[in-house]
Amino acid sequence: MLEALGEGLWTAWFPLKLLGTVFGTRMTVARLPDGSLWVHSPIRCDDALRAEIDALGPVKHLVAPNMFHHLFLPKAKSHWPDAKVWLAPGLDQKRADITFDALLPTEAPEDWQGAIDVARLEGMPKVNETVFLHRPSRTLVVTDVVFNFVEPVSFGLGLLLMMTGAKGKLTTSRLYRGSIKDRAAYDRSMQKVLGWDFDNISVCHGALVRGDGRRRFEAAIG
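For the sequence shown, position 218 matches number 220 in our numbering, and the numbering has no gaps at all.
See below:
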């Protein structure tokens, strides 16, 4: 079921399991200026969810935003065969079985402009995450750079989050911090993100951030 996050932006959650416990993941759907849809980190979509999405407009872009969020991309492509598939750099080698159209750029393609801004987080080749700003809703769309597990969780997930330093707050996990190999490059690329005007955050893992997102994000990555 889609949940509206702002003007022209929706999300849907899926109970993805990790290490035997429900970790969960989130897909974000944005409407572009031409009325088409941009889908970030596709999840498994049943018939009802696909119908909700199709009612919003034609899906023209499917985005795999880092090296780890690709599991449901082939199925999404089968649902929306005319959509353009964008992969994080390096994912084309990791998942040679995925047919794709282009690697994610460092600046927004022409048909995204006015709705979606782009920033690649450098210095972490094993992740290669690209983050996005949805301008109309003033929402930062991220994958793994921050988690936001602030609500009660299962014992197993709570243990996992404690081990990675990601329980009970909006934060960057220890695993993610450990993937940063060139801190100077990472910090430089993050300055672009911190220069954006956003109030909400769509996170793939944990609760959505509604309001005060810019300040909270800067505190989380510090």
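Even for Gly, the Cβ is constructed at its ideal location relative to N, Cα and C.
Leaving aside the five residues that flank F200 on each side, the residues in its chain whose CB is nearer than 7 Å to its CB run, in chain order, L135, R140, T141, L142, G215, R216. By the Cβ test, the segment 31-42 is not in contact with the segment 146-153, since fewer than three Cβ pairs between them sit closer than 8 Å. Here DSSP, grouped into helix, strand and coil, assigns K169 to strand. Taking every protein chain shown into account, the CB of R176 has fewer than 16 other CB atoms within 10 angstroms, so this residue is exposed. In the structure shown, K86 adopts extended strand secondary structure according to DSSP, grouped into three states. L106 carries a coil assignment under DSSP once its states are collapsed to helix, strand and coil. M69 sits buried, since 16 or more C-beta atoms from the chains shown fall within 10 Å of its C-beta. Apart from the 5 residues on each side of it in sequence, K169 sits with its Cβ closer than 8 Å to the Cβ of F151, V155, G160, L163 in its chain, given in chain order. Scanning its chain for C-beta atoms nearer than 6 Å, with the 5 sequence neighbours on each side dropped, one finds around P35 the residues G116, A117, in chain order. A Cβ-Cβ contact shorter than 8 Å links K183 with P127.
Rounded to the nearest whole angstrom, the C-alpha separation of G224 and Q95 is 32 Å. Between the beta-carbon of L64 and that of K79 there is about 6 Å, and that keeps the pair under the 8 Å contact cut.
Shown here, V195 sits in a helix according to DSSP, grouped into three states. Only buried fits R137, as 16 or more other CB atoms lie within 10 angstroms of its CB.
In the displayed model, G8 falls within a strand according to three-state DSSP.
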